[in-house]
Amino acid sequence: MTNVSFFDITIEIKKEGVAKMKHLIDIKDLSVEEIDELMKVAKDIINHEEKYSHKCDGKKIATLFFEPSTRTRLSFEAAMMELGGKALGFSEASSSSASKGESVADTIRVVGCYSDVIAMRHPKEGAPLVASLQSAVPIINAGDGGHNHPTQTLTDLLTIQCEKGRLDNLTIGLCGDLKFGRTVHSLITAIARYQNIKLVLISPKELMIPEYIKKDILEKNHMEYYETTDIEEYMDKLDVLYMTRVQKERFFNEDDYVRLKDYYILNKEKLQQAKEDLCIMHPLPRVNEIATDVDNDKRACYFKQVKYGKYMRMALILKLLEVE
Ligand code: NCD
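When you line the sequence shown up against my numbering, it's residues 94 to 417, in that order.
Put into C-alpha cells, the structure is as follows:
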C-alpha cells in the first residue's frame with residue numbers, strides 16, 4: 094500500500110464502492126425486463142417530474158464528446174440537471190487532451206475522479222468499451238462510430254411504446270443509411286427481442302444493412318424482413334417509419350456522398366398510401382430526408398422523440414447510479 098499513489102487509491106476505493114457497477118455499451122447489456130423497468134420509470138418521470146428533482150443532488154455527469162452532437166450531449170446534461178445534479182465535459186476532441194495525444198483510457202481514469210457517471214461519444218467503434226475497462230464510474234456509450242447508439246435506442250423504444258402502445262406486432266420500415274447508421278443497428282438489435290416484428294429495410298444498394306447484422310440478429314432470431322430501394326413499395330404496411338440521414342462523416346469519398354445524400358426525401362405525396370396511425374421517427378439531425386411539409390402531419394413524431402430522449406436518459410442515470 095505504501096508505494097501506491099493517491100490516484101490509484103481513489104480508483105480502488107471507487108471500484109470497491111460500486112461492486113455491481115454497470116455500464117451501457119451495447120443495448121444487449123440491458124435485458125428486456127430492465128428496459129421495461131426503465132420505460133416505467135421514464136413514464137413516471139413524465140407524469141411526476143417534481144418527485145425527481147432532487148434525486149441526484151450532489152452528483153455529476155461528465156459528457157465526453159469526441160464527435161459532434163446536439164441532442165445526445167445536451168439531453169444527458171439536461172437529464173442530470175433535472176435530477177438536481179450537475180454536468181461537465183467537452184463537446185469536441187480538439188478542446189480536450191486527446192488533441193495532445195492522450196489515450197481514451199487515461200482520459201477516462203482522470204474524468205472518473207471528477208464525476209459519478211460518464212457519457213461518451215467517439216468516432217472509433219469500441220472506444221466506449223475500452224473506456225469501461227478502465228473506468229471507476231459507469232460509462233454510457235453515446236455513439237461509437239458506425240457501430241452502436243444504445244441510448245438513442247432506449248429513446249426510440251419509449252417513443253414507439255408511447256405512440257403505438259406496444260413493442261410487438263409491428264411492421265417497421267427503416268430508411269436511409271442502414272450501413273453506417275448506428276441508431277439503426279442498435280434499434281434492430283433491441284427490437285429483435287420482441288414478438289412478431291417485421292422489418293422493411295429501405296436503402297440504396299450501397300447503403301444496405303451490414304451482413305453481420307443480417308446474420309447475427311435477423312437470421313438468428315428468424316425475423317421476417319424485406320429489403321427494397323423503393324420507399325413507397327411497402328408504405329401501406331408500415332406501423333413505424335424510421336428515417337435516417339446519410340452519414341456524411343463515414344464516407345471515404347465525397348462524390349459517393351453527394352450521389353447518395355438525397356436518395357430519399359419523404360414528403361406528403363410519398364405518404365399517400367401510409368396508414369392513418371403511422372409513426373414517423375428520425376433520430377435527428379435531419380438534413381434533407383424529410384421535407385418540412387411533413388412536420389405538421391400528425392404522424393410526425395420526431396420532435397416528440399427528442400423529449401422522450403431526455404426522460405429516458407433521466408431514468409438511465411437513476412439506474413446506473415443506483416438511486417431509488
Ligand atoms: C444520431 C447519431 O449521432 O448517430 N443522432 C443522435 O444521436 N440523435 C443520428 C445521426 O447523426 O444521423
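The C-beta atom is built at its ideal place from N, Cα and C for all residues, glycine as well.
Check                                                                                                                                                                  : Outcome
Rounded to the nearest angstrom, what separates G151 and G182 at their Cα positions?                                                                                   : 16 Å
Can you check DSSP and say which residues form a bridge with A180?                                                                                                     : I154
Within 10 angstroms of the Cβ of Y404, are there 16 or more other Cβ atoms? Answer buried if so, exposed if not.                                                       : buried
Please report the distance separating the alpha-carbon of V380 from that of E415.                                                                                      : 38 Å
Quick one: residues in its chain with C-beta nearer than 8 Å to the C-beta of K108, no 5 flanking neighbours on either side, listed in chain order?                    : Confidence is the limiting factor: at K108 the pLDDT is only 45, short of 50, which leaves the residue's position unreliable and the question unanswerable from this model.
Would you say P376 touches the ligand NCD, meaning its beta carbon is less than 7 Å from a heavy atom?                                                                 : yes
Can you say whether N360 is buried or exposed, counting buried as having 16 or more other CB atoms within 10 angstroms of its CB?                                      : exposed
One question on the structure: do C372 and D332 come within less than 8 Å of each other, judged by their Cβ atoms?                                                     : yes
Could you check what DSSP says for G258 in three-state terms: helix, strand or coil?                                                                                   : coil
Apart from the five residues just before and just after H147, which ones in its own chain have a Cβ nearer than 7 Å to its Cβ?                                         : G177
So, at 7 Å on beta carbons, what are the nonlocal neighbours of I102 in its own chain, with the 5 sequence-adjacent residues on each side left out?                    : Legend: pLDDT at I102 = 36, less than 50; position of this residue unreliable, no value from coordinates given.
Note down the Cα distance separating E105 from R352, rounded to an integer number of angstroms.                                                                        : With a pLDDT of 44 at E105, under the threshold of 50, the predicted position of this residue should be treated as unreliable, though the coordinate-derived value follows. The alpha-carbon atoms of E105 and R352 are separated by roughly 52 Å.
How would you call K193, buried or exposed, if buried means at least 16 neighbouring beta carbons within 10 angstroms?                                                 : exposed
Please report the distance separating the alpha-carbon of V111 from that of P231.                                                                                      : Legend: pLDDT at V111 = 40, less than 50; position of this residue unreliable, value from coordinates given subsequently. If you take the alpha carbons of V111 and P231, they lie about 9 Å apart.
Should K330 be flagged as near chain C, meaning a C-beta pair shorter than 8 Å?                                                                                        : As a matter of chain content, chain C is missing from the structure shown, which is built from one protein chain.
If you follow the alpha helix (DSSP H) that Y404 is part of, which residue opens it and which one closes it?                                                           : Y395 to L413
How is Y319 classed by DSSP in three states: helix, strand or coil?                                                                                                    : strand
Threshold first: 4 residues or longer. Then list the alpha helix (DSSP H) segments lying entirely within the region 233-289, N to C.                                   : 243-257 and 275-284
Please return the same chain residues whose Cβ sits closer than 7 Å to the Cβ of L271, not counting the five positions on each side in sequence.                       : V277, L294, S296, L300, M301 and I302
Based on the DSSP output, what are the partners of Y350 in its beta bridges?                                                                                           : Answer by DSSP bridge pairing: none, since Y350 is not bridged.
Is H215 near the ligand NCD, going by C-beta to nearest heavy atom under 7 Å?                                                                                          : no
How long is the line joining the alpha carbons of L161 and E185, rounded to whole angstroms?                                                                           : In the sequence as presented, Leu is not what sits at residue 161; that position holds Pro. Answer to the nearest angstrom: the Cα atoms are 6 Å apart.
State buried or exposed for H315, treating a residue as buried only when at least 16 other CB atoms are found within 10 Å of its CB.                                   : exposed
Evaluate P376 with the Cβ neighbour count: other Cβ atoms within 10 Å of its Cβ, from every protein chain shown; 16 or more gives buried, anything less gives exposed. : buried
Once you ignore the five residues that flank K212 on each side, which residues in its own chain have a CB closer than 6 Å to its CB?                                   : According to the sequence provided, residue 212 is Ala. The question's Lys does not apply to it. These residues qualify, in order along the chain: T156, F169, I233 and A235.
At the level of alpha carbons, what is the spacing between V97 and I281?                                                                                               : Any reading at V97 is ruled out, since the residue's pLDDT is 35, under 50, leaving its predicted position unreliable.
Out of C255, I128 and V203, state which residue places its alpha-carbon closest to the alpha-carbon of L247.                                                           : I128
Given 7 Å as the limit, tell me if V162 has its C-beta closer than that to any heavy atom belonging to the ligand NCD.                                                 : Looking at the sequence itself, residue 162 is Ser, so the reference to Val does not match. Yes, the beta carbon of S162 sits closer than 7 Å to at least one heavy atom of the ligand NCD.
Thinking L251 and Y401 are a contact (beta carbons under 8 Å), I'd like their distance in whole angstroms, please.                                                     : 5 Å
Among R202, P243, N241 and E218, which residue has its Cα nearest to the Cα of Q227?                                                                                   : R202
I want to check one thing, is the minimum distance from the CB of G182 to the heavy atoms of the ligand NCD below 7 Å?                                                 : no
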